[in-house]
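Under this note's numbering, residues 504 to 642 are what the sequence shown spells out, in order. Ideal Cβ positions, reconstructed from N, Cα and C, are used throughout, including at glycine. Because the structure is a prediction, the values reported are computed rather than measured. Comments concern the structure below.
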Amino acid sequence: VGAAAIHRPMPDAPLELPPARAPWKPKDVAGLVGSIGIRTLAHHLTKLPFVVVETDKTFALSMWSRSRIWRHYVIVPKKDLRDIGSLSSEDESYLTDVFLVTRHLIERDHLRDYRFYTNGPGPQAVAYLHFHLVAKRPH
């Protein structure tokens, strides 16, 4: 993969990779790094200070919040999914778990004024399916 990303063949490589058609975008690299991290740290993610929930299929991160936003969580399925356009029926259990983790956070934090959303591939900062749960401060 690295050889294809930088457009140079690797000497003595066991497998010749074709050159990439276009340089990788930063969000693609971030998605790849995220995927590797998820696989490496699976079932140990809650040891990280910003991971607040982990199940077999999902984890949730607590993100830094701007002043108007009281809570901001990023909920991530533990399956390599680029965006909603890449989903199949085999992904149903991962999406169900994403919604159950989101419900847990809503109930735990007594959230009332919140939004739950994902971005398409254009506005995504990371090329890995993830969802945002953002809530305003209670009045």
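* **Neighbourhood of residue 555 by C-beta, 6 Å cutoff - its chain only, sequence neighbours within 5 removed** => The count along the sequence shown starts at 1 and reaches residue 555 at position 52. Correct list, in chain order: 563, 565.
* Asked: Does the distance from the C-beta atom of residue 574 to that of residue 608 stay below 9 Å?
  -> Position 71 of the sequence shown, counted from the start, is the residue given in the question as residue 574. Position 105 of the sequence shown, counted from the start, is the residue given in the question as residue 608. Yes, they are a contact pair.
* Whole angstroms is fine: what's the gap from residue 614's alpha carbon to residue 591's? => Residue mapping note: residue 614 aligns to position 111 of the sequence shown, counting from 1. Residue mapping note: residue 591 aligns to position 88 of the sequence shown, counting from 1. Distance between the alpha carbons of residue 614 and residue 591 is about 31 Å.
* Asked: Within 8 Å: the Cβ of residue 592 and any heavy atom of the ligand MG?
  -> With respect to the ligand MG, the structure shown offers nothing to examine, as it has no ligands at all.
* To do: Please classify residue 636: does DSSP put it in a helix, a strand, or coil?
  => The residue you call residue 636 lines up with position 133 of the sequence shown. Three-state result, residue 636: strand.
* By the 10 Å Cβ neighbour count, where 16 or more other Cβ atoms means buried, how is residue 605 classified, buried or exposed? -> Here residue 605 refers to the residue found at position 102 when the sequence shown is read from its first residue. Buried is the call here.
* Cα-Cα, which of 627, 629, 636, 626 is closest to residue 620? -> Counted from its first residue, the sequence shown places residue 620 at position 117. For residue 620, the nearest C-alpha among the options comes from 636.
* To do: Please classify residue 634: is it buried, with 16 or more other beta-carbons within 10 angstroms of its beta-carbon, or exposed?
  => Mapped onto the sequence shown, residue 634 falls at position 131. With 16 or more Cβ atoms within 10 Å of its Cβ, residue 634 is classed as buried.
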